[in-house]
Each structure stands twice: as structure tokens, then as C-alpha cells.
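Trainee: Those letters in the sequence shown? Residues 631 to 818, per the numbering used here, in order.
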Amino acid sequence: PPRSTLFPYTTLFRSLWSTRDRHDPGVAERVARHAEAVGELRTAARAFATLGERAHRERRPLEALQAWQGAVRNLDVRDQPRARALLGRARALYRLQRVRNALEDLDAALAIARGLGDARLEIEVLLERATALDWSDDYTGSSAVAELAIARHREAQIADMAAAIALARARIVYRQARLADAIPLIDE
Numbered sequence: 631p632p633r634s635t636l637f638p639y640t641t642l643f644r645s646l647w648s649t650r651d652r653h654d655p656g657v658a659e660r661v662a663r664h665a666e667a668v669g670e671l672r673t674a675a676r677a678f679a680t681l682g683e684r685a686h687r688e689r690r691p692l693e694a695l696q697a698w699q700g701a702v703r704n705l706d707v708r709d710q711p712r713a714r715a716l717l718g719r720a721r722a723l724y725r726l727q728r729v730r731n732a733l734e735d736l737d738a739a740l741a742i743a744r745g746l747g748d749a750r751l752e753i754e755v756l757l758e759r760a761t762a763l764d765w766s767d768d769y770t771g772s773s774a775v776a777e778l779a780i781a782r783h784r785e786a787q788i789a790d791m792a793a794a795i796a797l798a799r800a801r802i803v804y805r806q807a808r809l810a811d812a813i814p815l816i817d818e
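1) According to DSSP, is V707 helix, strand or coil?
2) Give, in chain order, every unbroken run of the alpha helix (DSSP H) that is at least 4 residues long and sits entirely within the stretch 758 to 802.
3) Buried or exposed: which applies to D735, given that a residue is buried once 16 or more other Cβ atoms fall within 10 Å of its Cβ?
4) Given a cut-off of 9 Å, decide if L695 and L723 are closer than it, judged by their beta-carbon atoms.
5) Go ahead and pull the three-state DSSP assignment for A807.
6) By DSSP, does G669 sit in helix, in strand, or in coil?
7) Closer than 8 Å: is that where the CB of Q806 sits relative to any heavy atom of the ligand GDP?
8) Quick check on this structure: which residue in A779, A781, A760 and W698 has the alpha carbon closest to the alpha carbon of G771?
9) Within its chain, find whatever has a CB closer than 6 Å to the CB of I742; leave out the 5 residues flanking it on each side and keep chain order.
10) If you draw a straight line from the C-alpha of R684 to the C-alpha of R663, how long is it?
11) List the whole-angstrom C-beta distance separating L815 from A796, where the pair is believed to meet the contact cut-off of C-beta under 8 Å.
12) Under 9 Å between the Cβ atoms of I780 and A798?
13) Do you know how far the Cα of A774 is from the Cα of R805?
14) Starting from E688, trace the alpha helix (DSSP H) both ways and give me its first and last residue.
15) Assuming R744 is part of the alpha helix (DSSP H), what are its boundary residues?
16) Can the beta-carbon of Y769 be found closer than 9 Å to that of L778?
See the structure below:
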């Protein structure tokens, strides 16, 4: 149908997508599908991202992957929402043992983060890449990428990422079979 005839529907899904309903999976599912169908791609991507985050928190990687694929499909601009969608999809992919695909998404997300000069996003992507490599038993590669994230964190001085950085340090030490040294790093 012509876009002009879709106006009542766009008004409807915008009202459904109010702040109080934003995290309701039923509402997010309906908004994602409808917004995509009527060409409201940014709204669809936000709704799919909500579904992806929820599935990730609930340890449902296949559902997370499907939701993040919806978000990526609706974001074609190289901006932060696309990078975050790629990051979410990568997280789901390596949990499904599709590490190579996850690394491709992480490379794309990292390029976007660096292009935007977004240090926080860059560090998040690097830490996720280190985790993906760790899941594929590439401990040397994982340590090298984690060290890059640690160095970037030191440069950027982002205080609320300290726990993630401490965990990355602990994983490096643990993978070097120095368990006693890893425990205090986790306690940081």
C-alpha cells in the first residue's frame, strides 16, 4: 500500500512503543514486525534490539540471533546503533559456535566504533572479540585482543568499565594457568 495509507498504523505502533511498554517482549515483537513492514526501519531496529537484549539476558542465543539479525537488517548506516546490533549478533553467533561469523561482525563493529571515535564501543567490541576467541580455544589471540582493550581503556579512562577490564585481565592470567593470581583480579 502507498505510504500515505499506512499513517494510522505508524501512529498505532508508536503509541504501543511508549516508554512503559518498551521492554514488554510482546509489544516489542509486534512493533518490530509492523515497523519493518511499513518502512519505519529505525523503530524496527530498536524493537529488534530490545528482543535481542532480552533473549541474551535469558540465555537464549538462537532467539537473540534472530532478533539481532532483524536489527542489523534494518540498519544500513554505519553508526552506533548498527555497531551495537553487530555486537549483539556476534555475541549470539559465537554462543552458537559460529565464531568465524561472529568475528566478521565484530570486525565490522570495530571499524564503525573507530570511525566514530567511540572509545567505549571500541573497548566493548574488543572485549567481546577476546571472549569469542577464548570460546574457540584461541587463548593467545584472546589474550592479545584483551590487552588491546586494556590499553584502550587506560587511554580512554572510562571508569564504569573497570569490572569488564578486571575480568579480561583475570581471564588472561587464568589461561596462563596462574589460578591463584587470577582470583584477586576478579575481586577488583
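Here a beta-carbon is modelled for each residue, glycine too, at the ideal position from N, C-alpha and C.
Mentor: According to the data block:
1) On the sequence shown, position 77 is the one that residue 707 refers to. It is coil, neither helix nor strand.
2) 769 to 786
3) Within the sequence shown, residue 735 is the residue found at index 105, counting from 1. That one is buried.
4) On the sequence shown, residue 723 is found 93 positions in, with the first residue counted as 1. On the sequence shown, residue 695 is found 65 positions in, with the first residue counted as 1. In this structure, L695 lies closer than 9 Å to L723 by Cβ.
5) Mapped onto the sequence shown, residue 807 falls at position 177. Coil, per DSSP.
6) For the purposes of this step, residue 669 is taken as the residue at position 39 of the sequence shown. Of the three classes helix, strand and coil, the one that applies to G669 here is coil, per DSSP.
7) The ligand GDP is absent from the structure shown, which contains no ligand whatsoever.
8) Counting from one through the sequence shown, the residue named residue 771 turns up at place 141. Comparing Cα positions, the closest option is A760.
9) Reading the sequence shown from its first residue, position 112 is the one you call residue 742. Cβ neighbours of I742 beyond the five flanking positions: R708 and A713.
10) Position 54 of the sequence shown holds residue 684. Position 33 of the sequence shown holds residue 663. About 17 Å.
11) Counting from 1 along the sequence shown, the entry for residue 815 is found at position 185. Counting from 1 along the sequence shown, the entry for residue 796 is found at position 166. Right, their Cβ atoms sit about 6 Å apart.
12) Here residue 780 refers to the residue found at position 150 when the sequence shown is read from its first residue. Here residue 798 refers to the residue found at position 168 when the sequence shown is read from its first residue. Their beta carbons are under 9 Å apart, which means I780 touches A798 by this criterion.
13) Here residue 805 is taken as the residue at index 175 of the sequence shown, counted from 1. Here residue 774 is taken as the residue at index 144 of the sequence shown, counted from 1. Near 12 Å, if we compare the C-alpha coordinates of A774 and R805.
14) For the purposes of this step, residue 688 is taken as residue 58 along the sequence shown, with counting starting at 1. Taken as a continuous stretch (DSSP letters only), E688 belongs to no alpha helix (DSSP H), as it is neither H nor E.
15) Sequence index remark: in the sequence shown, residue 744 carries index 114 (1-based). First-last of the alpha helix (DSSP H) with R744: V729 to L746.
16) Sequence index remark: in the sequence shown, residue 769 carries index 139 (1-based). Sequence index remark: in the sequence shown, residue 778 carries index 148 (1-based). It is not a contact, given that the beta carbons lie outside the stated cut-off.
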